[in-house]
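Top to bottom, those sequences are chains A and B. Quick note on numbering: the first sequence equals residues 1 to 545 in the UniProt record's numbering. Quick note on numbering: the second sequence equals residues 1 to 545 in the UniProt record's numbering. Working notes, beginning with the structure itself.
Number of protein chains: 2
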Amino acid sequence: MRRWNGWGDDATSMNLTTGARAMLAERLGPGLPGQDALREDLLARIPPSRLPEHPLISREPSERFAMALGESFADWIRKRFGALPAVPDGVAYPESGEQVRELLDLAQAKRWMVIPFAGGTSVAGHLDCPVSEQPILSINLTRMNRLLHLDPTSQLATFGAGTPGPLVEAQLRAHGYTLGHFPQSFEYSTVGGWVVTRSSGQQSLRYGRIEALFAGGRMETPVGPLTLPTLPAASAGPDLRELVLGSEGRFGILTEATVRVTPLPEHESFHALFLPDWDRAEAAVRALVQRKLPLSMLRLSNGIETETNLTLAGHERLVGAMEKYLAWRGCSTGKCMLMLGVSADKRTARHALREARRLLAQYGAVYIGPAMGSKWAANRFKGPYLRNTLWELGYAADTIETAVDWPQVKPLMLAMEQAARDVFEGFGQPVHAFTHLSHLYPQGSSIYSQYVWPIAPGGFAPNFERWQALKAAVADAIAAHGGTVSHQHGVGRDHAAHLVDEKGPLGMATLAELCRHFDPHGIMNPGKLLQDGGPWATAALPSIG
Amino acid sequence: MRRWNGWGDDATSMNLTTGARAMLAERLGPGLPGQDALREDLLARIPPSRLPEHPLISREPSERFAMALGESFADWIRKRFGALPAVPDGVAYPESGEQVRELLDLAQAKRWMVIPFAGGTSVAGHLDCPVSEQPILSINLTRMNRLLHLDPTSQLATFGAGTPGPLVEAQLRAHGYTLGHFPQSFEYSTVGGWVVTRSSGQQSLRYGRIEALFAGGRMETPVGPLTLPTLPAASAGPDLRELVLGSEGRFGILTEATVRVTPLPEHESFHALFLPDWDRAEAAVRALVQRKLPLSMLRLSNGIETETNLTLAGHERLVGAMEKYLAWRGCSTGKCMLMLGVSADKRTARHALREARRLLAQYGAVYIGPAMGSKWAANRFKGPYLRNTLWELGYAADTIETAVDWPQVKPLMLAMEQAARDVFEGFGQPVHAFTHLSHLYPQGSSIYSQYVWPIAPGGFAPNFERWQALKAAVADAIAAHGGTVSHQHGVGRDHAAHLVDEKGPLGMATLAELCRHFDPHGIMNPGKLLQDGGPWATAALPSIG
């Protein structure tokens with residue numbers, strides 16, 4: 001069963017080896033295991049619903065509570081410390097686009113606010129309920145989870161928007177296809193959620209981001225349906241798919257998504273290599289991705305993350321022996337691990353791997369083989385479970401990600417880690433910060449930094465304060481280096497204040513105008529993407545002429 | 001010097017072989033060479049300018065006339081038959097974004113209409129001047145034609161929006177880079193024009209469409225500048241680049257474009273193969289593009305185009321010998337020619353070509369070698385010159401293109417050709433219609449049909465009528481099969497009436513709302529993309545709630 005106050009299924013947990021525990025203790029001091037709040041106590045404090053009875057709507061407190069929060073750090077500590085947030089007044093579970101339409105029409109007529117929900121895996125506060133006079137209806141799309149149509153000739157599959165990763169892949173696999181979209185949240189996140197937050201999967205190098213996979217579909221907006229035909233490409237004016245992508249529930253609710261699928265690859269394997277230091281590693285992966293070889297994944301850990309991962313791996317004797325060999329080959333302190341995936345027909349996979357190894361060798365890369373890669377692949381969705389384990393040991397963990405052009409990748413990576421250290425130094429606490437690049441492009445790379453620190457005493461408020469300070473400092477570093485507000489998790493509530501740095505004033509006014517256009521009464525997922533009360537929220541830019 | 005009433009430089013012409021002339025005579029009967037209008041006569045009829053004197057604006061009739069028309073068939077016969085259209089009242093040649101800003105502010109304050117101009121190669125009526133009470137200012141961007149910045153680490157190059165293809169490539173080549181964007185209009189069309197019409201180049205299979213190449217830039221809109229930062233990827237809400245792409249001058253004027261460039265490929269070659277018939281050929285190229293091999297071009301001619309091209313090629317003895325060999329290998333009547341390009345490092349190019357040949361052989365493909373491919377590459381931008389030659393022989397020619405998912409590719413291709421035959425049968429005239437697929441995607445393909453017919457007696461009116469009937473009938477066929485209004489040439493004036501078939505009513509209302517947002521006084525390129533007076537032009541959809 002899915003955990004109510006932690007990541008994932010409660011039958012799965014990630015153990016931390018003795019070595020890893022020792023490393024945490026050495027770097028961070030002892031953890032402070034908290035006293036978790038009880039779900040029953042939280043449920044008992046949920047106020048009565050302000051919605052009337054309706055056959056499609058449940059007003060059950062436990063269901064309303066389950067829709068109230070996602071997986072952002074703020075959401076997480078609310079549950080752990082029992083800091084009850086505003087919760088929706090009711091939950092609807094539509095089974096069709098028609099029912100979504102009916103619910104939206106009803107909500108608009110009554111001026112209820114609407115928050116769409118599917119996998120509940122947002123790490124950016126997309127599910128946050130505002131404190132509002134208006135009743136809030138959560139529309140849960142998880143019953144719309146079927147493969148509705150498969151066109152093998154065009155390699156197009158149409159899914160209900162609430163279909164989660166495993167059901168996407170299982171229904172496609174039955175026909176020999178894959179979508180190839182594997183974000184770390186794969187177990188729960190849905191095709192509709194991927195589209196409206198512009199998600200990226202671990203093998204985006206082969207399959208593309210969701211922008212490349214989303215071919216068309218249907219969005220129900222307050223003012224009517226927007227249908228997006230599937231076309232291989234078009235020059236027929238602005239591409240309206242690109243307004244649905246990243247719309248984060250502000251313009252309407254995506255009900256159906258048609259995605260581009262691929263036959264299951266004849267060959268797939270993952271390989272580990274080590275490079276002597278960051279500068280050579282970065283130069284190597286940049287040259288590699290700019291060569292445009294048919295690889296499916298590149299993931300480069302910096303020195304601290306490499307050391308952390310090798311400690312987490314356990315198998316101390318085996319890892320020790322490997323490190324001796326690596327040191328003999330020139331990769332010792334500061335070495336960086338590169339995980340490389342190939343997914344293609346057998347001969348193309350062989351060609352790509354051979355060429356990649358040949359190029360990487362010029363930068364001092366040492367090839368270790370597929371064993372660590374297979375282990376990585378087996379555990380590819382397990383990372384978030386570590387957060388549970390850390391919490392139980394008294395440590396908090398969060399991740400912040402961005403993307404930027406190549407010249408800023410290293411400076412920004414260092415600045416993000418340093419910003420975290422500075423913030424926690426201000427609180428008199430240590431933090432363990434480490435980083436990898438997981439989505440590489442000829443133009444630049446995503447930067448994915450992870451932070452672990454001891455839970456502070458005092459419950460919700462001091463821990464929330466530390467986290468807000470961390471987010472603000474790292475966001476400032478990102479903005480100062482020209483990084484994006486988010487590479488793969490969307491804007492939500494948590495990054496909305498910084499969006500103007502990226503979109504500019506006219507860009508923000510344009511998004512606000514689109515909100516008013518699709519949602520004239522402002523009922524859709526308020527405060528997400530665009531903050532309430534920004535200068536763009538009330539009026540377009542004044543006309544100059 | 002550039003021809004005033006035909007395609008291209010007057011030092012270049014394409015000769016038609018005796019065999020080709022015989023084929024035309026046999027299929028279409030004799031041509032009717034017209035009496036071309038004289039430029040001087042047209043210039044003499046241009047009414048006085050309604051614009052005041054201004055240091056940035058020329059009111060010279062010859063300059064105004066040169067901005068009045070593009071290369072659509074309607075534009076072409078206006079010049080040839082001397083049917084003078086409305087012309088702009090003045091032409092400005094800004095040399096910087098600041099000057100564009102100044103001109104836009106002035107135009108908005110005075111309520112002048114603005115039509116941006118650069119390469120003048122639109123085949124969709126983007127440059128058409130409305131008959132209007134308001135003066136019309138053409139803003140010619142061709143002086144903004146420089147490489148402004150090159151970032152070799154991120155492989156990004158920033159150009160003035162008016163930089164034409166040859167100056168894009170020459171300035172990049174000096175540094176060892178290419179943009180790789182080669183539309184047939186390459187000699188004159190510009191980077192800004194490519195962006196705002198969503199252009200696609202002949203090697204889009206490697207380099208991507210302009211959507212994939214356009215990383216960011218700056219657009220001056222009537223209400224202020226929209227700046228688009230360069231980012232390798234982002235999940236920060238709707239992608240505003242996608243509003244600039246395809247905006248066709250309705251939202252503002254793109255002044256600078258930053259594009260993703262690539263080192264010149266180590267190896268590039270083009271290869272010809274023949275397949276026995278359309279069904280096997282289509283199945284072969286579909287399988288090939290779905291294999292995702294690192295090829296740079298695929299271009300499949302149908303049987304009629306293959307026969308036409310072989311006749312056009314001349315070298316009758318050589319072609320005759322080749323056809324004997326092909327027939328012996330199973331490719332005779334109805335055979336289809338496939339042109340295949342590889343551009344990559346040497347080993348990847350070898351791998352890709354070998355794998356492609358192996359796969360194609362399963363469908364009966366016969367490989368002819370690189371000689372015809374080299375010839376194709378040498379003449380890759382010469383196609384439009386043939387239109388001049390045909391006109392001089394008394395034949396009119398036009399092309400119509402679209403893209404659609406695979407199941408509709410063959411039915412739509414046949415329907416487009418048949419629609420043309422039916423239209424001309426109604427006029428008691430023959431037409432020669434033939435087609436190729438030039439941009440192939442795993443999901444579907446572009447369809448590029450060409451039509452040649454004898455010029456009708458009677459000058460502009462009857463020839464315009466025939467062309468309108470052709471366009472309408474083929475557009476209906478496209479809409480009936482779910483094809484896009486345009487795959488690579490944009491909407492302009494000529495396809496605006498059909499855009500609603502693709503975007504739907506709410507999509508059209510959204511585009512209209514964006515026009516009002518960026519251009520509250522409606523001065524920007526009126527009637528293009530969105531027709532004047534459509535139901536979406538005056539009001540958004542009524543709110544339901």
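From the three backbone atoms N, C-alpha and C, an ideal C-beta is built for every residue, glycine too.
Close Cβ partners of A:L32 (< 7 Å) along its chain, the five nearest in sequence each way excluded = As a working mapping, residue 32 of chain A is identified with position 32 in the first sequence. Counting only Cβ-Cβ distances below 7 Å, and skipping sequence neighbours, we find G394, P454, I455 and P457.
inquiry  = Going by DSSP in three states, A:C331 sits in which element: helix, strand or coil?
reply    = Locating residue 331 of chain A in the first sequence gives position 331, where the first residue counts as 1. DSSP places A:C331 in the coil class of the three-state scheme, outside both helix and strand.
inquiry  = Let me confirm a value: B:L16 is counted as buried when at least 16 other C-beta atoms fall within 10 Å, else exposed. Which label applies?
reply    = Looking up residue 16 of chain B in the second sequence gives position 16. Buried, since its Cβ has 16 or more Cβ neighbours within 10 Å.
key: A:P62, enclosing alpha helix (DSSP H) - first and last residue   = Taking the first sequence and counting its residues from 1, the one referred to as residue 62 of chain A is at position 62. Checking the displayed sequence, the identity of residue 62 of chain A turns out to be Ser instead of Pro. Per DSSP, the unbroken alpha helix (DSSP H) holding A:S62 starts and ends at P61 to A66.
message = Taking the straight line between their C-alpha atoms, what separation do you get for B:V289 and A:P520?
response = Translated into the one-based positions of the second sequence, residue 289 of chain B becomes position 289. Translated into the one-based positions of the first sequence, residue 520 of chain A becomes position 520. Spanning the alpha carbons of B:V289 and A:P520 requires a straight line of approximately 44 Å.
ask   = Closer than 8 Å, CB to CB, is B:S486 near chain A or not?
value = Here residue 486 of chain B refers to the residue found at position 486 when the second sequence is read from its first residue. True, the Cβ-Cβ gap to chain A drops below 8 Å.
query = First and last residue of the alpha helix (DSSP H) that includes B:S122?
reply = Taking the first residue of the second sequence as position 1, residue 122 of chain B is located at position 122. Counting along the chain, B:S122 falls outside any alpha helix (DSSP H), and DSSP gives it neither H nor E.
request  = Excluding the 5 residues preceding and the 5 following B:H481 in the sequence, name in chain order all residues of the same chain whose CB lies nearer than 7 Å to its CB.
outcome  = Counting from 1 along the second sequence, the entry for residue 481 of chain B is found at position 481. So the list reads V404, Q408, P411, L412 and A415, once near-sequence residues are dropped.
task = Give the secondary structure of A:I115 by DSSP, where H, G and I count as helix, E and B as strand, and everything else as coil.
result = One-based indexing of the first sequence puts residue 115 of chain A at position 115. Here DSSP, grouped into helix, strand and coil, assigns A:I115 to strand.
task = Note down, in chain order, each residue of its chain lying with its Cβ closer than 8 Å to the Cβ of A:P526, except the 5 sequence neighbours on either side.
result = For the purposes of this step, residue 526 of chain A is taken as the residue at position 526 of the first sequence. M113, P130, S132 and D532.
key: Proximal chain B residues relative to A:L226, where beta-carbon distance stays under 8 Å   = The residue given as residue 226 of chain A occupies position 226 in the first sequence. Here the neighbours are G504, L506, G507 and T510.
request  = Pick out the complete beta strand (DSSP E) segments inside the stretch 415–475 of chain B, 3 residues or longer, and give them in chain order.
outcome  = The qualifying runs are 432–437 and 444–454.
query = Of all the options B:D41, B:A419, B:G428 and B:V366, which has the alpha carbon lying nearest to the alpha carbon of B:F434?
reply = The residue given as residue 434 of chain B occupies position 434 in the second sequence. For the residues B:D41, B:A419, B:G428 and B:V366, the minimum Cα distance to B:F434 belongs to B:A419.
message = Once DSSP output is grouped into helix, strand and coil, what is the label at B:A20?
response = As a working note, residue 20 of chain B is residue 20 in the second sequence. DSSP places B:A20 in helix when its eight states are reduced to three.
ask   = Going straight from the alpha carbon of A:W4 to that of A:A66, what length do you get?
value = On the first sequence, position 4 is the one that residue 4 of chain A refers to. On the first sequence, position 66 is the one that residue 66 of chain A refers to. Near 8 Å, if we compare the C-alpha coordinates of A:A66 and A:W4.
query = Nearest-angstrom Cα distance between A:A107 and B:L511?
reply = Working through the first sequence from its first residue, we reach residue 107 of chain A at position 107. Working through the second sequence from its first residue, we reach residue 511 of chain B at position 511. Pairing A:A107 with B:L511, the inter-Cα distance amounts to about 26 Å.
inquiry  = 8 Å is my cut-off, CB to CB: does B:P52 come that close to chain C?
reply    = Checking the listed chains, one finds no chain C in this structure; the protein chains it contains are A and B.
inquiry  = Please classify B:Q155 as buried or exposed, where buried requires at least 16 other C-beta atoms within 10 Å of its C-beta.
reply    = As a working mapping, residue 155 of chain B is identified with position 155 in the second sequence. When all chains shown are included, B:Q155 counts as buried.
inquiry  = With distance defined between alpha-carbon atoms, name the residue in A:S446, A:G364, A:L340 and A:F251 nearest to A:W328.
reply    = As a first step, residue 328 of chain A is located in the first sequence; it is residue number 328 there, counting from the start. For A:W328, the closest of A:S446, A:G364, A:L340 and A:F251 by C-alpha to C-alpha distance is A:G364.
inquiry  = Distance check for A:G426 and A:S438, CA to CA, integer angstroms please.
reply    = To locate residue 438 of chain A, count along the first sequence from 1; it is residue 438. To locate residue 426 of chain A, count along the first sequence from 1; it is residue 426. For A:S438 and A:G426, the gap between their C-alpha atoms comes out near 30 Å.
request  = Measure from the C-beta of A:P238 to each C-beta in chain B and report whether the shortest distance is under 8 Å.
outcome  = Counting from one through the first sequence, the residue named residue 238 of chain A turns up at place 238. Output row for A:P238: interface = yes.
key: Cβ distance (whole Å) where B:L141 is taken to contact B:A161 below 8 Å   = Along the second sequence, one-based indexing puts residue 141 of chain B at 141. Along the second sequence, one-based indexing puts residue 161 of chain B at 161. Between B:L141 and B:A161 a beta carbon distance of about 5 Å is seen, short of the 8 Å cut, so the two are scored as contacting.
task = Taking only beta carbons into account, state which residues of the stretch 289–320 of chain B come closer than 8 Å to chain A, listed in chain order.
result = Listed in sequence order: Q290, R291, K292, L293 and P294.
query = Is B:Q346 buried or exposed, if buried means 16 or more other CB atoms sit within 10 Å of its CB?
reply = The count along the second sequence starts at 1 and reaches residue 346 of chain B at position 346. This sequence places Lys at residue 346 of chain B; Gln is not what is there. Exposed, since its Cβ has fewer than 16 Cβ neighbours within 10 Å.
ask   = Beta-carbon of A:T12 versus every beta-carbon of chain B: anything under 8 Å?
value = Taking the first residue of the first sequence as position 1, residue 12 of chain A is located at position 12. Not a single C-beta of chain B is nearer than 8 Å to the C-beta of A:T12.
query = Taking buried to mean at least 16 other C-beta atoms within 10 Å of its own C-beta, is A:Q35 buried or exposed?
reply = Within the first sequence, numbered from 1, the residue matching residue 35 of chain A stands at position 35. Exposed, because fewer than 16 other Cβ atoms sit within 10 Å of the Cβ of A:Q35.
key: Distance between A:H487 and B:A236 (C-alpha atoms, nearest Å)   = Translated into the one-based positions of the second sequence, residue 236 of chain B becomes position 236. Translated into the one-based positions of the first sequence, residue 487 of chain A becomes position 487. Approximately 7 Å, taken between the alpha carbons.
request  = Alpha carbon to alpha carbon, how far is B:P276 from B:G202? Give it in angstroms, no decimals.
outcome  = Within the second sequence, the letter at position 202 stands for residue 202 of chain B. Within the second sequence, the letter at position 276 stands for residue 276 of chain B. In the sequence as displayed, the identity of residue 202 of chain B is Gln instead of Gly. One Cα belongs to B:Q202, the other to B:P276, and the distance between them is close to 24 Å.
query = In chain A, which residues lie with their C-beta within 8 Å of the C-beta of B:L245?
reply = Numbered from 1 along the second sequence, position 245 holds the residue referred to as residue 245 of chain B. Simply P238 and D239.
request  = Quick one: which residues of the stretch 442–466 of chain B get their C-beta closer than 8 Å to a C-beta of chain A? List them in chain order.
outcome  = Correct list: P442, Q443, G444, S445 and S446.
task = Say whether chain A places a C-beta atom closer than 8 Å to the C-beta of B:P164.
result = Within the second sequence, residue 164 of chain B is the residue found at index 164, counting from 1. With 8 Å as the cut-off, B:P164 does not count as an interface residue toward chain A.
query = Mind checking B:D41: buried by the 16 CB within 10 Å criterion, or exposed?
reply = Position 41 of the second sequence holds residue 41 of chain B. Exposed, because fewer than 16 other Cβ atoms sit within 10 Å of the Cβ of B:D41.
message = I want to know whether the stretch 162–169 of chain B touches the stretch 189–196 of chain B - three or more CB-CB distances under 8 Å.
response = Cβ pair count under 8 Å is three or more, so yes.
message = Taking its Cβ as the centre, do 16 or more other Cβ atoms sit within 10 Å of B:H54, making it buried, or is it exposed?
response = Start at 1 with the first residue of the second sequence, and residue 54 of chain B comes out as number 54. Label assigned to B:H54: exposed.
key: Which listed residue (B:H351, B:A212 and B:E220) has its alpha carbon closest to that of B:D239   = Taking the first residue of the second sequence as position 1, residue 239 of chain B is located at position 239. Measuring from the Cα of B:D239, the nearest candidate turns out to be B:A212.
request  = Go ahead and label B:H149 buried or exposed: buried means 16 or more other beta carbons lie within 10 angstroms of its beta carbon, across all protein chains shown.
outcome  = What you label residue 149 of chain B is simply residue 149 of the second sequence in a count that begins at 1. Flag for B:H149 reads exposed.
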